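**Q** In order, the protein sequences belong to chains B and Y.
Residues 795 to 974 in this note's numbering are what the first sequence spells out, letter by letter.
Residues 795 to 974 in this note's numbering are what the second sequence spells out, letter by letter.
The structure under discussion is supplied below as structure tokens; questions concerning it will follow.
There are 2 protein chains.
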Amino acid sequence: MPYPAKTTRNEILDAALEIVAKEGWAALSMRSVAKKLGVQASSLYHHFADRAAMENGLGRRAADELWEHLEGANGLQAIAEVYLAFARSKPELYALIASRSTEANSTGVSKAIWNRLLKEVGAITGDPDDTAGVVALWAFLHGFASLEAAGKFGGSGDRGGLRKGLDALIAGLQAKRHIL
Amino acid sequence: MPYPAKTTRNEILDAALEIVAKEGWAALSMRSVAKKLGVQASSLYHHFADRAAMENGLGRRAADELWEHLEGANGLQAIAEVYLAFARSKPELYALIASRSTEANSTGVSKAIWNRLLKEVGAITGDPDDTAGVVALWAFLHGFASLEAAGKFGGSGDRGGLRKGLDALIAGLQAKRHIL
DNA sequence: GTCTATAGGGCGATAGAC
DNA sequence: GTCTATCGCCCTATAGAC
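In structure tokens, the structure reads:
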């Protein structure tokens, strides 16, 4: 074997994720990924057709990780905590799911996450298909995670905004139950 | 005057904003801005020290525009509508305020916007300094705007999630009033 | 304040040898 | 599947003439 395999699709994605996490999106390039792996940039094109294909792989990986975290949580409070914990621990990965629009993250695994939220919201409102409720919850969670990641809360933190908003939202969703 | 002024700080920012709005952030460069203005890229360095300084100028301009829109709105419902209308009509500009972290958008004009929200929330909760309430409202509005801009709601729109979330949030904030 | 010219770098992607 | 070499393009920023 004169030229044995030095890397794999998964290793390439690992390296790319590490670069994005440590140095930001601007630092991601075929060359920087290849350098971290100890191979030449041209070799990567045997694993991914082009840079866009590699980024789609990143999107799928990110959605997978969030899904694994959410899977074990029960109840809206727990879901919210896990969701925000993930966004805090891997902000670049989280941004990939909710902001960057890759091909992968608007279908597939994202659907599993969506259905998970549907189930939890349904348990509270009694409506098993409360799309509006999920949209409202997701908007709040994502907005909070996004503002926090951007440092908009300053040094003093959210000042209780998370608890207040979540409580209000849950109360509002529950209230609808009695009306229906 | 052998070399009369061909452009100004404001014209440069206008050109930059148009590029970002029409072609996205990736298309923004000193060269692309200069080309749109009919000058050489090197000339821009007489108006802004470097690219980062130009981007800070963009951040300040964006915050100014949002502030002008919010100034005329009265009541939380109206504020929410205006906020989202701005995010929809100028998504790249909006992203600059809430996501990109430039020097300008975390101080100065943003403070005016913050105080505006404080006043409106205070009118509902009775607490003139309800920071938590503002954080909760802002998180929801920003999250909704952000998900919408990313196309996460698909072709069928938000399915009533905006109204539901806003109603729940306002109801939740009002409820606190009676407890206090 | 603008210009030309250039330094000094990065990038995605491909061809062809092994 | 990896390598070397290269094409062709992009970029920020500076120096110095006018």
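Idealized CB from N, CA, C, for every residue including glycine.
Since we're looking at a predicted model, the values are computed, not measured.
Are any of the Cβ atoms in chain Y nearer than 9 Å to that of G818 (chain B)?
**A** Answer no: the Cβ-Cβ gap between G818 (chain B) and chain Y never drops below 9 Å.
**Q** Compute the Euclidean distance between the alpha carbons of M848 (chain Y) and L912 (chain B), then round it to the nearest angstrom.
**A** Taking the straight line from one Cα to the other gives about 44 Å.
**Q** Does the beta-carbon of R854 (chain Y) have 16 or more other beta-carbons within 10 angstroms, so that it is buried, or is it exposed?
**A** The residue is buried, with at least 16 neighbouring Cβ atoms inside 10 Å.
**Q** Enumerate in chain order the residues of its own chain whose CB-to-CB distance from L967 (chain B) is below 7 Å, with the five nearest sequence positions on each side excluded.
**A** Closer than 7 Å at Cβ, skipping near neighbours: V915, I918, T919, G927.
**Q** Is there at least one Cβ from chain B nearer than 9 Å to L912 (chain Y)'s Cβ?
**A** No, L912 (chain Y) lies away from the interface with chain B (no Cβ there is under 9 Å from its Cβ).
**Q** Tell me, to the nearest whole angstrom, how far the beta carbon of S940 (chain B) is from that of S883 (chain Y); I am working on the premise that it is less than 8 Å.
**A** S940 (chain B) to S883 (chain Y), Cβ: 20 Å. No contact.
**Q** Kindly say whether W932 (chain Y), judged by its beta-carbon, lies nearer than 9 Å to any beta-carbon of chain B.
**A** Yes, because at least one Cβ of chain B sits closer than 9 Å to the Cβ of W932 (chain Y).
**Q** Once DSSP output is grouped into helix, strand and coil, what is the label at Q834 (chain B)?
**A** Coil, per DSSP.
**Q** If you measure between the beta carbons of F880 (chain Y) and L870 (chain Y), is that distance less than 9 Å?
**A** Their beta carbons are not under 9 Å apart, which means F880 (chain Y) does not touch L870 (chain Y) by this criterion.
**Q** So what's L822 (chain Y) in DSSP terms, helix, strand or just coil?
**A** If DSSP states are grouped into helix, strand and coil, L822 (chain Y) belongs with coil.
**Q** Can a CB atom of chain B be found closer than 9 Å to the CB of S826 (chain Y)?
**A** Chain B contact via Cβ: absent.
**Q** Compare the beta carbon distance of L878 (chain B) and L956 (chain B) with 9 Å and say whether it is the shorter of the two.
**A** Yes.
**Q** Rounded to the nearest angstrom, what separates R825 (chain B) and A856 (chain B) at their Cα positions?
**A** Approximately 22 Å, taken between the alpha carbons.
**Q** Smallest Cα separation from E875 (chain Y): which of Y:H936, Y:E805, Y:E812, Y:A969?
**A** Checking every option, the nearest Cα to that of E875 (chain Y) belongs to Y:H936.
**Q** Using the rule of at least 16 other Cβ atoms within 10 Å of the residue's Cβ for burial, across every protein chain shown, is D924 (chain Y) buried or exposed?
**A** Buried is the call here.
**Q** Under 7 Å Cβ-Cβ, which residues of chain B neighbour D961 (chain Y)?
**A** Simply G966.
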